[in-house]
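I have placed the structure first, in the form of structure tokens, so that the comments after it can refer back to it.
Number of protein chains: 2
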Amino acid sequence: MISRERILEAAGRVYAKHGFRGATTRLIAAEAGVNEVTLFRTFGSKGALLEAVLDANDHCQQIRRLPDPPVDPEAELTSWVNDHLQRVRDMRPMLIHAISELDERPEVAEFACRGRAEVHVLLDDYVASLQRLGRADPAADTFGAVTMLISSVMGDAMGRPMAPDSFPPAEEAARRYVRCFLRAIGAGHSR
Amino acid sequence: MISRERILEAAGRVYAKHGFRGATTRLIAAEAGVNEVTLFRTFGSKGALLEAVLDANDHCQQIRRLPDPPVDPEAELTSWVNDHLQRVRDMRPMLIHAISELDERPEVAEFACRGRAEVHVLLDDYVASLQRLGRADPAADTFGAVTMLISSVMGDAMGRPMAPDSFPPAEEAARRYVRCFLRAIGAGHSR
DNA sequence: ACGGCAAGTAAGTAGGTACTTGCATACACG
DNA sequence: CGTGTATGCAAGTACCTACTTACTTGCCGT
Chain A
26 MISRERILEA AGRVYAKHGF RGATTRLIAA EAGVNEVTLF RTFGSKGALL EAVLDANDHC
86 QQIRRLPDPP VDPEAELTSW VNDHLQRVRD MRPMLIHAIS ELDERPEVAE FACRGRAEVH
146 VLLDDYVASL QRLGRADPAA DTFGAVTMLI SSVMGDAMGR PMAPDSFPPA EEAARRYVRC
206 FLRAIGAGHS R
Chain B
26 MISRERILEA AGRVYAKHGF RGATTRLIAA EAGVNEVTLF RTFGSKGALL EAVLDANDHC
86 QQIRRLPDPP VDPEAELTSW VNDHLQRVRD MRPMLIHAIS ELDERPEVAE FACRGRAEVH
146 VLLDDYVASL QRLGRADPAA DTFGAVTMLI SSVMGDAMGR PMAPDSFPPA EEAARRYVRC
206 FLRAIGAGHS R
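Those sequence lines, one after another, are chains A and B. Residues in the first sequence are numbered consecutively from 26, following the working numbering. Residues in the second sequence are numbered consecutively from 26, following the working numbering.
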């Protein structure tokens with residue numbers, strides 16, 4: 026039953042390119058090099074196939090953790106942000122379509138939303154550790170700053186392809202976001 | 026020729042809800058309370074109608090300027106960010122669909138991209154003024170910080186409806202983003 | 001050699017899509 | 001009155017869509 030995998034992969038590619046409405050069963054079958062009937066025999070319907078695709082692309086994304094306790098915040102955060110940036114860039118096309126179809130296909134909501142909350146608590150914990158160690162301003166708006174950092178990563182991954190001039194060069198982006206972030210939480214001078 | 030306006034408005038609503046593929050000419054005509062044929066007689070084709078819709082919704086958005094010279098950065102920026110936030114929230118559905126359809130309908134690119142660049146130079150100029158007045162750290166990464174602030178506004182407007190817990194309360198959001206921003210550019214202590 | 005099972009092939013169903021055509025209606029202006 | 005001009009209505013075209021049915025092929029283990 027090798028067809029199942031081929032169809033899943035092909036459907037993922039086609040869906041990422043054209044969205045649900047544009048991802049016709051013909052296109053998917055052709056992309057998979059498989060007969061259209063096989064697609065229906067294996068997944069039952071186009072909707073079920075899409076759910077399987079999102080499931081497959083959801084489970085395989087495990088978010089990296091941050092060191093506890095923090096040692097070198099700038100380096101650790103920069104590396105982590107770079108990682109996350111890459112992950113979001115990879116999911117970008119699928120994410121965009123999932124979001125734009127949220128009203129009509131609510132079952133994609135989990136795929137579209139879940140990541141953000143997890144990432145948020147991860148960063149919140151890290152900053153709390155910094156504060157506990159006296160290495161970040163305890164009065165800073167850490168929640169706001171974390172929100173901004175995450176939005177910056179999302180915005181970069183989503184927006185750079187369409188407006189590259191509005192972002193720092195790709196290889197500097199993570200470091201610069203992190204530095205601004207650290208200044209915002211009063212941890213700008215790492216020692 | 027009142028039909029033209031009614032069709033344009035209806036098409037805008039339907040497109041914002043369902044995207045290009047989902048915005049069938051039937052739906053639009055029904056929403057406008059107009060015969061489907063009238064739609065084709067007035068705009069020629071569905072594609073031309075969409076272009077007209079984006080044009081109409083593009084021209085009518087004039088971006089507010091920031092005071093020059095700056096007097097009270099936190100207040101001025103907060104008010105401006107609130108404004109911009111509201112504007113992006115209003116365009117959110119249309120924007121999301123435009124972005125997700127960029128590959129298939131490149132003619133929407135301008136609608137999707139133009140705003141960001143303009144906003145960027147606006148904020149850059151404002152921060153440059155602050156630096157010239159000695160009220161912001163001249164060594165700060167202003168470009169990075171501005172990018173982050175804009176991404177935060179976009180991220181808030183786009184993401185809050187799907188993940189409200191990942192953002193500060195709506196009425197505080199602008200102020201908190203601005204405060205983090207000012208700290209990042211070394212202008213945290215406004216006097 | 002034979003049964004079972006995944007897969008291909010061909011054809012069809014029922015409905016939706018953008019878009020067209022031909023004709024009837026109504027209102028505005030001279 | 002007559003004459004455009006905008007609109008509605010009914011029908012039709014050509015094509016695409018998800019999905020089904022019935023039959024065939026090829027391979028795999030026993």
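Backbone N, C-alpha and C fix where the C-beta goes; we use that ideal spot for every residue, glycine too. The structure presented is a predicted model; accordingly, all values stated were derived computationally and were not measured.
>> Please identify, using Cβ separations under 8 Å, the residues of the region 30 to 45 of chain A that lie next to chain B, in order along the chain.
In response: Lys42, His43, Gly44
> Going along the chain, which residues of its own chain have a beta-carbon closer than 7 Å to the beta-carbon of B:Thr106, five neighbours each way excluded?
Replying inline: The sequence position of residue 106 of chain B within the second sequence is 81, counting from 1. Correcting the residue type first, residue 106 of chain B is Val in the shown sequence and not Thr. Once the five neighbours on either side are set aside, the close Cβ partners of B:Val106 are Val178, Ala199, Tyr202, Val203.
>> Between which two residues does the alpha helix (DSSP H) holding B:Gln111 run?
In response: By 1-based counting over the second sequence, the position of residue 111 of chain B is 86. It spans 98 to 125 - the alpha helix (DSSP H) in which B:Gln111 sits, taken as one unbroken run.
> Could one say the Cβ of B:Gly169 lies closer than 7 Å to chain A's Cβ atoms, at least one of them?
Replying inline: One-based indexing of the second sequence puts residue 169 of chain B at position 144. Judged by the 7 Å Cβ criterion, B:Gly169 is in contact with chain A.
> Where does A:Asp181 sit, in a helix, a strand or coil, going by DSSP?
Replying inline: The sequence position of residue 181 of chain A within the first sequence is 156, counting from 1. Here A:Asp181 sits in helix by DSSP.
>> Counting only beta-carbon separations shorter than 7 Å, does A:Met179 have a partner in chain B?
In response: Taking the first sequence and counting its residues from 1, the one referred to as residue 179 of chain A is at position 154. True, the Cβ-Cβ gap to chain B drops below 7 Å.
> Near A:Glu143, which residues of its chain fall below 8 Å by C-beta distance, leaving aside the five closest residues on each side in sequence?
Replying inline: Indexing the first sequence from 1 puts residue 143 of chain A at position 118. Taken in chain order, the residues that qualify are Ile88.
> Just the Cα atoms here: how many angstroms apart are A:Pro193 and B:Ala55?
Replying inline: Here the question's residue 193 of chain A lines up with position 168 in the first sequence. Here the question's residue 55 of chain B lines up with position 30 in the second sequence. When the Cα atoms are used, A:Pro193 and B:Ala55 turn out to be separated by approximately 46 Å.
> Excluding sequence positions up to five away, which residues of its chain have a Cβ less than 8 Å from the Cβ of B:Arg24?
Replying inline: Summary: the structure shown does not reach residue 24 of chain B, with chain B confined to residues 26 through 216, and so no result is reported for it.
> A:Met119 versus chain B: which residues are under 9 Å apart at the beta carbon?
Replying inline: By 1-based counting over the first sequence, the position of residue 119 of chain A is 94. Chain B residues near A:Met119: none, gap ~10 Å exceeds 9 Å.
> Can you tell me the Cα-Cα spacing of A:Arg112 and B:Ala188, whole angstroms?
Replying inline: Counting from one through the first sequence, the residue named residue 112 of chain A turns up at place 87. Counting from one through the second sequence, the residue named residue 188 of chain B turns up at place 163. Rounded to whole angstroms, A:Arg112 to B:Ala188 spans 19 Å at the Cα level.
>> For A:Ser215 and B:Ile175, what's the separation of their Cα atoms in angstroms?
In response: The residue labelled residue 215 of chain A in the question sits at position 190 within the first sequence. The residue labelled residue 175 of chain B in the question sits at position 150 within the second sequence. At A:Ser215, the pLDDT of 48 sits below 50, so the modelled position is not reliable; the number obtained from the coordinates is stated separately. Between the alpha carbons of A:Ser215 and B:Ile175 lies a distance of about 26 Å.
> Does any C-beta atom of chain B lie closer than 7 Å to the C-beta of A:Met116?
Replying inline: Against the first sequence, residue 116 of chain A aligns to sequence position 91. Chain B contact via Cβ: absent.
>> Taking its Cβ as the centre, do 16 or more other Cβ atoms sit within 10 Å of A:Thr49, making it buried, or is it exposed?
In response: As a working note, residue 49 of chain A is residue 24 in the first sequence. So A:Thr49 counts as exposed.
> For the alpha helix (DSSP H) that A:Asn82 lies in, which residues bound it at each end?
Replying inline: The sequence position of residue 82 of chain A within the first sequence is 57, counting from 1. Per DSSP, A:Asn82 belongs to the alpha helix (DSSP H) from 71 to 84.
> For B:Ile267, is the classification buried or exposed, using 16 other Cβ atoms within 10 angstroms of its Cβ as the cut-off for buried?
Replying inline: Residue 267 of chain B lies beyond the residue range present for chain B, which begins at 26 and ends at 216; the question has no answer from this structure.
> Given a threshold of 16 other Cβ atoms within 10 Å of its Cβ, counted over all protein chains shown, does B:Asn82 qualify as buried or as exposed?
Replying inline: Numbered from its first residue, the second sequence carries residue 82 of chain B at position 57. Counting Cβ neighbours within 10 Å, B:Asn82 comes out buried, since at least 16 surround it.
> Does DSSP put A:Ser215 in a helix, a strand or coil?
Replying inline: Mapped onto the first sequence, residue 215 of chain A falls at position 190. In this prediction, A:Ser215 scores a pLDDT of 48, lower than 50, which makes its location untrustworthy; the coordinate-derived value is nonetheless stated afterwards. Three-state result, A:Ser215: coil.
>> Spatial neighbours of B:Glu61 within its chain, please: C-beta separation below 7 Å, excluding the five flanking residues on both sides.
In response: On the second sequence, residue 61 of chain B is found 36 positions in, with the first residue counted as 1. So the qualifying residues of the chain are Thr50, Arg51, Ala54.
>> Threshold first: 4 residues or longer. Then list the alpha helix (DSSP H) segments lying entirely within the region 38 to 67 of chain A, N to C.
In response: 50 to 57
> The alpha helix (DSSP H) spanning A:Val203 covers which residue range?
Replying inline: Sequence index remark: in the first sequence, residue 203 of chain A carries index 178 (1-based). Residues 195 to 209.
> How long is the line joining the alpha carbons of A:Ala73 and B:Arg38, rounded to whole angstroms?
Replying inline: Here residue 73 of chain A is taken as the residue at index 48 of the first sequence, counted from 1. Here residue 38 of chain B is taken as the residue at index 13 of the second sequence, counted from 1. Whole-angstrom Cα-Cα distance: 29 Å.
>> On a Cα-Cα basis, can you pick out the residue from A:Glu99, A:Gly140, A:Gly44 that is closest to A:Arg208?
In response: The residue labelled residue 208 of chain A in the question sits at position 183 within the first sequence. For the residues A:Glu99, A:Gly140, A:Gly44, the minimum Cα distance to A:Arg208 belongs to A:Glu99.
>> Do A:Val152 and A:Ile210 count as a contact pair if the criterion is CB distance below 7 Å?
In response: Position 185 of the first sequence, counting from 1, holds the residue named residue 210 of chain A. Position 127 of the first sequence, counting from 1, holds the residue named residue 152 of chain A. Yes; because the gap between Cβ atoms is below 7 Å, this pair is in contact.
> Under three-state DSSP, which class holds B:Met187?
Replying inline: Position 162 of the second sequence, counted from the first residue, corresponds to residue 187 of chain B. Coil.
> Would you say B:Met187 touches the ligand GTP, meaning its beta carbon is less than 6 Å from a heavy atom?
Replying inline: The ligand GTP is not part of the structure shown, which contains no ligands of any sort.
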